[in-house]
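Worksheet for the structure shown next.
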């Protein structure tokens, strides 16, 4: 219960503040030790929605329990319908609430999640802890495979590592990484569909290649595991390529695959289609008809609407039932605002303050115009003496001060762009300006979607990082 005093002290009095204390372990876990204590996912779902937290020990317990389940699963899982297939979520917790409502209660619905649970969005920990809690409660109906962001390299480049350190510490981050190493790589649906995060590989000749690969590792920059996570279908209506697989310059690794590669793989393995995620889609999904039939040979599903708070795309999920494929779309949900790098408002405002203070000091040291004439004669004399001493000093360099001001101004302008919605706010390293301010209502705006894709392209490429085990 929120006290009346606390609510009245808020700018928006009818908006309840986040829970002050982490949720108690006795509330999170149910059952006896003998039967195994499972996290109450309904309690966690509501608690995280209200921006609540849990203790480090409880987070580690959930991660460890889920990891033990993943370790027992095969590289390639076999599922039959009915099942709901979910694409990228990317830390968009409040949009995940919508997809769980549309997809069906996890208590009664089989789910297959295609990876990319973390990064870009600012609520990745809440997303992954809730998914892990669902997996622990329903290990035979909740299935998760690995995405290209479930690794040390990508989470260090983007926001998840910083989020873990901000909300917990490095130990929690490393525990998440160890659990990501255990995630399965792919799934066969109804014996006819290959579900994978990225796509096909020249090293993937038979589905048996998936069964024998070593998945318990940080993904390399080349090879079967890399391609399963990173490859893309070529975005050409007929799928024609000069070669069967073309180097993927957009990603900086892996390949583009076209109609020839897809048709051969599907035919040789008696499959109908490839279902994958990995790429933002304006409508939340995209179908590529390369096999000359009425059924698409490749289906891309993307479940993070208004990706990065600026793409203006829809989210979508696939519902399989009685061998029938239905796609359900949805718009984005409002979420609490978080400053980049999880800064508080004081840290965010420091560049503004520093810039003003430096200008004030320069005005005092080098007074001019009306400011100078406002002093009495004695003050003028003292300031004149100070100015002469400063000009003779080797420690004061006007050019250096101007460079400092310029640097501080750049930081200040970047912060202003974020507040105005003119740059991506996901805590990643690259600052990417967007030409048009965001509109609060999600619109069917192809131009804005394409503009966001072009300006975010640098972040679609795999980074060059060292010292990643």
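Residue numbers (this note's numbering): 32 to 500. Even for Gly, the Cβ is constructed at its ideal location relative to N, Cα and C.
| Item | Value |
| --- | --- |
| Inter-residue spacing [alpha-carbon to alpha-carbon] between residue 270 and residue 296 | 14 Å |
| Residue 376 in three-state terms, based on DSSP | helix |
| Local conformation of residue 189 per DSSP, three classes | coil |
| Test: residue 86 CB closer than 8 Å to a CB of chain B | No chain B appears in the structure shown, which is made up of a single protein chain. |
| Residue 371 - DSSP class collapsed to helix/strand/coil | helix |
| Reduced DSSP secondary structure (H/G/I, E/B, other) of residue 302 | coil |
| Residue 324 (DSSP reduced to helix, strand or coil) | coil |
| Proximity below 8 Å, CB of residue 330 to CB of residue 348 | no |
| Proximal residues to residue 80 (C-beta, below 8 Å), its chain only, five neighbours per side dropped | 124, 125 and 128 |
| C-beta atoms of residue 232 and residue 98 nearer than 8 Å | no |
| Sequence-distant residues of its chain with Cβ nearer than 7 Å to residue 367 (five each side left out) | 82 |
| Per-residue DSSP class, three states only, for residue 307 | strand |
| Residue 490 versus 75, 281 and 174, residue with shortest Cα-Cα distance | 281 |
| Proximity to residue 356 [Cα-Cα], best of 122, 111 and 184 | 111 |
| Where residue 138 falls, given that 16 or more other Cβ within 10 Å makes a residue buried | exposed |
| Beta-carbon proximity list for residue 57, same chain, < 6 Å, skipping 5 on both sides | none |
| Other residues of its chain near residue 168: CB distance less than 6 Å, five sequence neighbours each side excluded | 69 and 72 |
| Collapsed DSSP secondary structure at residue 96 in the structure displayed | helix |
| Buried or exposed by the 16-neighbour rule on C-beta atoms within 10 Å, applied to residue 49 | exposed |
| Which listed residue (272, 256, 200 and 159) has its alpha carbon closest to that of residue 227 | 256 |
| Inter-stretch contact (C-beta, 8 Å, three-pair minimum) for the segment 140 to 157 and the segment 181 to 193 | yes |
| For residue 93 and residue 160, believed in contact at Cβ under 8 Å, the rounded distance | 6 Å |
| Option nearest residue 207 by Cα separation, candidates 182, 217, 198 and 197 | 182 |
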